[in-house]
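For the record, the sequence lines run as chains A and B. According to numbering that gives the first Met the number 0, the first sequence is numbered sequentially starting from 0. According to numbering that gives the first Met the number 0, the second sequence is numbered sequentially starting from 0. By construction, the Cβ of each residue, glycine as well, lies at the ideal position given by its N, Cα and C atoms.
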Amino acid sequence: MKLLLALANLLIPVAVLVFATGFFPYKPFIPGLASHDQLSNYGPPPERHFDRLIFMVIDALRSDFVFSNNSGFTYTQSLIRSGEAIPFTAHATPPTITMPRVKAITTGSIPSFLDVILNFAESDTSSTLAAQDTWLAQIRAGRDRENDGRLVMYGDDTWLKLFPDMFARSDGTSSFFVSDFTEVDNNVTRHVPGELQRSDWDAMIMHYLGLDHIGHKAGPTSPNMIPKQVEMDGIVTSIYQAIETQPHLNSTLFIFGGDHGMNDGGNHGGSAPGETSPALVFLAPKLKRLPGRRESPVEQTGGFTFYQRIEQSDLVPTISALLGFPIPKNNLGVMIPEFLPLWQNPKDQLNLLLRNSQQILSIVKATFPAIDFSGSSTPDLCDDPSSDSQALACQWSTIQHRLDTYASSDMPISIVLSGLYRFCKDAQDLMSSTASNYDLSRLALGSALAAIATILSSIAIFYSLLLTNVDMFIFTLITILFGVMMFASSYVEEEQHYWYWISGGWIAFLRFRSSQKKINMGQIYSLKSQASIITLLILHRIIQRWNQTGQKFAGYPDIVTSILFQYPAALWTLVTITYLVAAHQISYSLGKHLHYGYFISTISAILLTICSLTFKLSFTASDAPELFPFLSNTSITTLQSLPLLALARTIFTFLGAHATILIAQAIRAPHISAYAVLSTAQSLLTLLVMTQSRAHNIPLFLLFSIQQSCLQNLKLTPAQLSATSTFFAHTAFFAMGNSNAISSVDLANGYNGVAGYNVIAVGLLVFISNWAGPLWWSVAGVAMLAEQPEQPSAGGRSWIASEHAHLAGKDEKSQEEPAGGELKGRYIAHLSMATFFTSASLLAVMVACTVLRTHLFIWTVFSPKYLYSMAWSLGYHFLVTLGLSGGLWALGKKDV
Amino acid sequence: MATATTPFPKVDIRPVSSLDSDASRLYTHIHPLLLLSTYLLQFKEIVADPESALASMLIPLVVLQLLYNVVCLPPVGSPTAKPSTTKSIGKKKPGGPVGAPISKRITTSLLASIVTILIGTPILTTLLILFGAPLTTHFRHTVLCAAHISLLAGLPLTYVHGIEMESWRRISALMLPIDEVFGAAVGTILGAWLGAIPIPLDWDREWQKWPVTIVTGAYIGWAVGKIAGRYLLHGKIIDLSG
């Protein structure tokens, strides 16, 4: 049985990885830097219109911030009216977070979903664009490949990480404390006047973060939003006026826009219309030559679309054409047709579009090596093309034919042009739809492995003596129901409701079940149990409303926003109480289980707690100073100036030291029980997860530990304890504000105590801070399992229970309470259940992702869910349930 | 606390049989149809304005449930509510309970409805909130929802079992043998609980709003539970102690 279980657990990571490699589409990547080819019949590329580029990204600049009536961009709007500014809504494909978006607007490709993970592991060299063809690389390589171009960069340091050694001058700002609305931007703006005076650069890139911070902090309707827009419009004004007046800037193209938008809550990452609709504006005096004039401000035409809606990647070939560079090799963007009239000769326009289509075609060919794109597709293949790629090949052969013949026939050139444009757009669509890229055999293999793991773990459960009862039946039912739910996008988005609902029902089930047992034994359901059940339910209800999460009800009032943020004194009181309780538990377990002695254990606990509380105060003072309305500005500044790095390192060092002593003692001393090891570890872990949680979530750990003591009062069976900790772990995950959307990953505590960038450390800290609740419940669950049934619980039996037991003439020992010998099998039983749940839910998510791979929401709902499933199965199940809890269990003695 | 082994008085834990009369046999089948069709007719109004529609539906609900009690069920403590141990197969012979005098049935039924409304509703409101009902908003909706659940599930239960502690202890442990009254009660609660399922779906329908799905689930669950309790599961016990 143990063998089956071990096998199942080995299969889980294999299944996860096999499936992942088949699911996240392979993008053909063409290395090297593009160069201008001579096109036969069309000659060299047409002349450029601009020499210099100023590229200004305003993070999260949603379309309506610039184009609507309620906008601070009045100067920009006047330029739109005069025709010097050409406005667009540039569609940002999800994931709408900065790094993949920067990749899209520099390479023109559509970043693979793996970039989301790499976004959190930014310094991973495989994700830099140093080796890729971008318009930055093209500019740097120089127009005639003789004189290197020079680029300068100010703002978000994502650019510096993506383009190491690219910039001649730069000053990066990091987006760490979102409460900083002004410094991040002033740090960019202060470089602008100086750079505008100089003529030694070919491209200047700026990336402003303040507007995004305002969004994250207070949403798009924040009172700070319009002033920030006015500030940004002021920068646009100064740059544009410099272009108009300074001779060395007179052929400068100025582009500004957002990398993504934001939703009504001010967050981004997903696919809501607000998130995918950033503004994009091209400005230059020369653009007045283009025909047509636009109104401004205007009303949106639906879904945050203003003016023409283009793809964000279309920016890339457009920049290339306007500045006279070859189009980067991996570009999937299509030259924005609005700019074509700048070239008056239609042959030049044809030349540009033909270069664009040939460049895209080379990627299409690399993706579909089996399809013949030579232009000689036979008509019988094209009458009824078997696939979209075949249809595209046929379209290409039509174009080839037209190109060959239009000069000699009387076909107007506009037909050839529109055919070429159509081809580019269709190729772009084909390459953006990812359905063609799945490796189905790997998807099937991954799912099959998960299925085997599920079967193996269910056999393990079936043969476990501890688990054959009605509890297991309900647990299996809940697991299956969860699996079914993974096929409905709403339930994936709103998964929290399932766990809140199931956990409530489960508590009721526990009540029914144990009161039936009591009735069968002729006993009363004790007042203590009754009170514990009701307390559990009340706390469960409070925990659910702590943070609103999911999509549908995300902005609704919750305890954090309507109580704790309104009355910060209440927040800090609760936080302090939680810390006091944690300190008490640490000193108690250090003294009792590790025999530190009263003085040392108390001092250790107080030191740890003070460090952690100070760290939280200082961190919050920087991150959210408005949570200290009762402090003077100087006190807040003092708090902010505390050494965060040193504090965090002190906490981690102390915790590590205690953990080492715990392990050493457990190995050496013969009489440390599993319960002693686990409860000591739990008290230390509590402090760790509190340090890694946002201040407003810290009181949750107080509620969790009250729930834990209620559960201990209830004297649950091993299966019930394991099931309860699984359900409560999931409840806790969502109650802390997490969801199945990428945008809800909280990075704020990922750098605690880390000075440089260290993928492993940051990854681990991000995992701990996002899975803080589940982590706590996993260890708490196993700690409860390890409780020796013979030991009277700390509070002793309540008098009512003992009186009834006395009246009943029975001792409570005769109840279904496992004997000491059974303790040994308990962790294996627990692991069987956890493995079963993990592999079954993984299987469900895999099958859902495979079956629904053409679903509209595959990239916005199901793929993120798969990423979360990976974290649940590799991080939570493998590292925590198996590694941490299992390791702690193994350390303690089961027969003392 | 009578004896050492079983400290509690033994209660009659046999399933309740409905009254053995033609009227009873007829009305027990008409009743769910009447109640469900009333609900169905009101459904549009409930969706449009849950508060006033649910409030005005309380009156027909009480009236129908009272009628059902009086016509079909033996009131608490009625001596004839005993099982037909000497059950004769003869058609017209009174084999099952024939019921207490009509006056007792009416008074018990009225008392039960007062108890249900005054005690059942607050308890169920509390439970609904504990199981996730909104607290700061929609409070009247929740109270009305609780009133419907308590009249559906609790009124016949109170009428049949009175306020006998041991019976309610068993009811709270789901441990009574299933009959049409207890089956309906369990069905109502389960239906109301399952009624929460459609709320998070992104269908953006009016009927997804609080507490329409819960009340609908309760009504459906009640009817299913009543029928299943009378026929399919009669006499069985929900055994969760294994």
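{"Check": "According to DSSP, residues forming a beta bridge with residue 85 (chain A)", "Outcome": "A:281"}
{"Check": "Sub-9 angstroms separation of residue 187 (chain A) and residue 207 (chain A) beta-carbons", "Outcome": "yes"}
{"Check": "Cα-Cα separation between residue 539 (chain A) and residue 164 (chain A), rounded to whole angstroms", "Outcome": "53 angstroms"}
{"Check": "Per-residue DSSP class, three states only, for residue 15 (chain B)", "Outcome": "coil"}
{"Check": "Neighbourhood of residue 47 (chain B) by C-beta distance below 8 angstroms, restricted to the same chain and skipping five residues each side", "Outcome": "205"}
{"Check": "Nearest residue (CA-CA) to residue 739 (chain A), options A:496, A:308, A:330", "Outcome": "A:496"}
{"Check": "Beta-carbon proximity check, residue 554 (chain A) vs residue 328 (chain A), cutoff 9 angstroms", "Outcome": "no"}
{"Check": "Start-to-end residues for the beta strand (DSSP E) that takes in residue 99 (chain B)", "Outcome": "First-last for residue 99 (chain B): undefined, no H or E at that position."}
{"Check": "Whether residue 559 (chain A) touches residue 571 (chain A) by CB criterion (9 angstroms)", "Outcome": "no"}
{"Check": "Chain-order list of residues whose beta-carbon lies under 6 angstroms from that of residue 488 (chain A) (same chain, five-residue window excluded)", "Outcome": "856, 860"}
{"Check": "Other residues of its chain near residue 449 (chain A): CB distance less than 6 angstroms, five sequence neighbours each side excluded", "Outcome": "14, 838, 841, 842, 845"}
{"Check": "Reference residue 56 (chain B), options B:73, B:72, B:38, closest by Cα", "Outcome": "B:38"}
{"Check": "Beta-bridge pairing of residue 169 (chain A) - partner residues as DSSP gives them", "Outcome": "A:152"}
{"Check": "Listed by chain order, chain A residues near residue 174 (chain B) by CB distance under 7 angstroms", "Outcome": "515, 518"}
{"Check": "Chain A contact for residue 238 (chain B) (CB, 9 angstroms cutoff)", "Outcome": "yes"}
{"Check": "Through-space distance from residue 151 (chain B) to residue 32 (chain B), alpha-carbon basis", "Outcome": "14 angstroms"}
{"Check": "Neighbour flag for residue 171 (chain B) against chain A, beta carbons, 9 angstroms", "Outcome": "yes"}
{"Check": "Beta-carbon proximity list for residue 128 (chain B), same chain, < 8 angstroms, skipping 5 on both sides", "Outcome": "134, 141"}
{"Check": "C-beta contact flag for residue 618 (chain A) and residue 748 (chain A) at 9 angstroms", "Outcome": "yes"}
{"Check": "Distance CB(residue 456 (chain A))-CB(residue 4 (chain A)) smaller than 9 angstroms", "Outcome": "yes"}
{"Check": "Proximity of residue 216 (chain A) and residue 265 (chain A) at Cβ, strictly below 9 angstroms", "Outcome": "yes"}
{"Check": "Best match in A:620, A:655, A:394, A:683 for proximity to residue 590 (chain A) [C-alpha to C-alpha]", "Outcome": "A:683"}
{"Check": "Residue-chain proximity (residue 5 (chain B), chain A), Cβ-Cβ < 9 angstroms", "Outcome": "Per-residue confidence for residue 5 (chain B) stands at a pLDDT of 42, beneath the threshold of 50, marking its modelled position as unreliable; no derived number is given."}
{"Check": "When A:159, A:52, A:110 are compared against residue 134 (chain A), the one with the closest alpha-carbon", "Outcome": "A:52"}
{"Check": "Residue 42 (chain A) (DSSP reduced to helix, strand or coil)", "Outcome": "strand"}
{"Check": "Own chain residues within Cβ distance below 7 angstroms of residue 282 (chain A), not counting five before or after", "Outcome": "78, 83, 84, 239, 253"}
{"Check": "Interface partners of residue 489 (chain A) on chain B, CB under 9 angstroms", "Outcome": "199, 200, 201, 202"}
{"Check": "Cβ pair residue 580 (chain A), residue 502 (chain A) closer than 9 angstroms", "Outcome": "no"}
{"Check": "Inter-residue Cα distance where the pair is residue 147 (chain B) and residue 180 (chain B)", "Outcome": "16 angstroms"}
{"Check": "Counterpart residues of residue 44 (chain B) in DSSP-defined beta bridges", "Outcome": "Partner(s): none; residue 44 (chain B) has no beta bridge."}
{"Check": "Beta-carbon proximity of residue 469 (chain A) to residue 239 (chain B), cut-off 9 angstroms", "Outcome": "yes"}
{"Check": "Nearest residue (CA-CA) to residue 718 (chain A), options A:644, A:551, A:762, A:463", "Outcome": "A:463"}
{"Check": "In DSSP terms, what residue 52 (chain A) is bridged to", "Outcome": "A:202, A:252"}
{"Check": "Contact set between residue 896 (chain A) and chain B, taken where Cβ atoms lie within less than 7 angstroms", "Outcome": "Coverage of chain A is limited to positions 0 through 895, which leaves residue 896 (chain A) absent and any answer about it impossible."}
{"Check": "Local conformation of residue 527 (chain A) per DSSP, three classes", "Outcome": "helix"}
{"Check": "Own chain partners of residue 394 (chain A) with C-beta closer than 7 angstroms, once the 5 adjacent residues on each side are dropped", "Outcome": "422, 425"}
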